[in-house]
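Asker: Handing you this structure, nothing more for now.
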Amino acid sequence: MRIGLFVDELGMSLDAVVEKTREVAEAGFTGAWFAQRHGWDALTTLAIAGRTAPGIELGTSIVPTIPRHPLAMAAQALTIQAATGNRLTLGLGVSHRYIVEDGFGMSFDRPALRMREYLTALGPLLHGESVAYEGETLKAEGGVLAPGAKPPAVLIAALGPAMLRIAGELTDGAIVLWSGPEVIADYFVPTITKAAAGAGRPAPRVVVSPFVAVTDDPDARRTWIAENFGRAAQVPAYRAVMERGGAAGVEDTIVVGDEATVEREIRRLADAGTTDLIPIPFGPEEEQARTIAFLADLAGDARE
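Note that our numbering gives residue 286 to position 286 of the sequence shown, counting from 1, and the numbers run on in steps of one.
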């Protein structure tokens with residue numbers, strides 16, 4: 001199992017984000033991952049920061065698809081490939097209804113169909129081909145000239161059966177949130193693997209991104225997660241996957257405890273079929289430093 005690291009860039013200067021990405025590479029993590037939130041543009045940041053962090057995967061987890069047309073997404077992704085030596089993994093997602101409709105003023109109807117059509121148009125563009133595609137939710141006509149840029153790996157955030165089938169059939173794998181080892185082994189891995197096999201594609205990546213804290217006070221960390229992210233359980237897609245895994249709330253899906261406990265839980269995720277871990281360190285600053293140092297050791301062990 002490869003172990004990368006989620007980079008929490010909110011509130012940081014761009015120079016600080018670049019330095020943080022360099023530190024991730026030097027610590028021995030396999031990749032640095034960014035989310036598109038209300039801060040720096042994730043893809044542009046990867047193009048800048050990636051040039052100072054050689055040898056590691058540069059991933060997004062995730063960039064919303066609906067606000068970015070496939071032609072624009074392909075142009076940006078291929079530009080990053082050229083700028084970073086073809087190290088981008090393009091993690092995409094439809095986002096959520098309240099973000100798309102309230103924030104962007106765009107339609108969120110039929111999200112699974114939107115994703116399937118988006119990927120149908122995006123795939124050829126990433127391979128340097130022109131498209132003339134018209135579906136029910138989007139139209140794309142044209143191409144992207146990007147000499148020397150190779151198509152990036154593509155992942156999608158997938159929690160429900162429809163999105164997992166799309167991930168298996170049309171992408172390199174799925175990004176999974178708020179999930180423990182049982183639901184990964186019993187639901188995510190077999191569902192996406194079956195879809196990939198049916199489409200004649202290689203075994204897919206199952207990329208799991210849990211909150212992680214190496215701490216002597218796990219109860220305090222669980223309380224903090226419940227207070228700050230508890231409303232995630234009200235999002236239909238998240239609530240459904242938590243119910244599948246028997247989690248009463250977000251606090252039941254995180255990895256917390258001392259070094260031995262965290263290592264044991266991470267090994268359970270690996271044994272369940274997780275191919276890539278993108279831990280999100282949290283807690284007080286000194287605990288985050290302890291967490292990152294311990295995860296770096298595990299990442300090094302996994303690469304040997």
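Beta carbons are placed, not taken as given, at the ideal position from N, Cα and C, and that holds for glycine.
(1) Terminal residues of the continuous beta strand (DSSP E) containing Arg116?
(2) Could you work out which residue in Lys150, Thr253, Gly200 is closest to Pro218 when comparing CA atoms only?
(3) Just to confirm before moving on: does the CB-CB distance between Ser61 and Gly105 stay below 9 Å?
(4) If you draw a straight line from the alpha carbon of Ile266 to that of Ser130, how long is it in whole angstroms?
(5) Within 10 angstroms of its Cβ, does Thr274 collect 16 or more other Cβ (buried), or is it exposed?
(6) Using 10 angstroms around the beta-carbon of Thr84, count the other beta-carbons present and answer buried if the total reaches 16, otherwise exposed.
(7) If I measure Cβ to Cβ from Leu119 and keep anything under 6 Å in the same chain, skipping five residues before and after, which residues do I get?
(8) Identify the continuous beta strand (DSSP E) that holds Gly142 and give its terminal residues.
(9) Counting C-beta neighbours from all protein chains within 10 Å, is the total for Ser107 16 or more, i.e. buried, or is it exposed?
(10) Evaluate Tyr238 with the Cβ neighbour count: other Cβ atoms within 10 Å of its Cβ, from every protein chain shown; 16 or more gives buried, anything less gives exposed.
(11) Helix or strand or just coil, what does DSSP make of Phe294?
(12) Once you ignore the five residues that flank Glu26 on each side, which residues in its own chain have a CB closer than 6 Å to its CB?
(13) Tell me the residue span of the alpha helix (DSSP H) that contains Thr30.
Answerer: According to the structure data:
(1) Along the sequence shown, one-based indexing puts residue 116 at 116. The continuous stretches of beta strand (DSSP E) do not include Arg116, which lies in the alpha helix (DSSP H) extending over residues 111-126.
(2) Here the question's residue 218 lines up with position 218 in the sequence shown. The residue with the shortest Cα to Cα distance from Pro218 is Thr253.
(3) Walking along the sequence shown from the start, residue 61 turns up at place 61. Walking along the sequence shown from the start, residue 105 turns up at place 105. Cβ distance not < 9 Å, so Ser61 and Gly105 don't count as in contact.
(4) Residue mapping note: residue 266 aligns to position 266 of the sequence shown, counting from 1. Residue mapping note: residue 130 aligns to position 130 of the sequence shown, counting from 1. Rounded to the nearest angstrom, the two C-alpha atoms are 42 Å apart.
(5) Against the sequence shown, residue 274 aligns to sequence position 274. Buried is the call here.
(6) Residue 84 sits at position 84 when you count from the first residue of the sequence shown. Thr84 is buried by the Cβ-count criterion.
(7) Stepping through the sequence shown from its first residue, residue 119 is reached at position 119. Hits under 6 Å: Leu170.
(8) Locating residue 142 in the sequence shown gives position 142, where the first residue counts as 1. 139-142 is the span of the beta strand (DSSP E), which, as asked, contains Gly142.
(9) Along the sequence shown, one-based indexing puts residue 107 at 107. When all chains shown are included, Ser107 counts as exposed.
(10) Locating residue 238 in the sequence shown gives position 238, where the first residue counts as 1. Under this definition Tyr238 is a buried residue.
(11) Taking the first residue of the sequence shown as position 1, residue 294 is located at position 294. Helix, per DSSP.
(12) Stepping through the sequence shown from its first residue, residue 26 is reached at position 26. Cβ neighbours of Glu26 beyond the five flanking positions: none.
(13) Within the sequence shown, the letter at position 30 stands for residue 30. Here Thr30 belongs to no alpha helix (DSSP H), and DSSP marks it neither H nor E.
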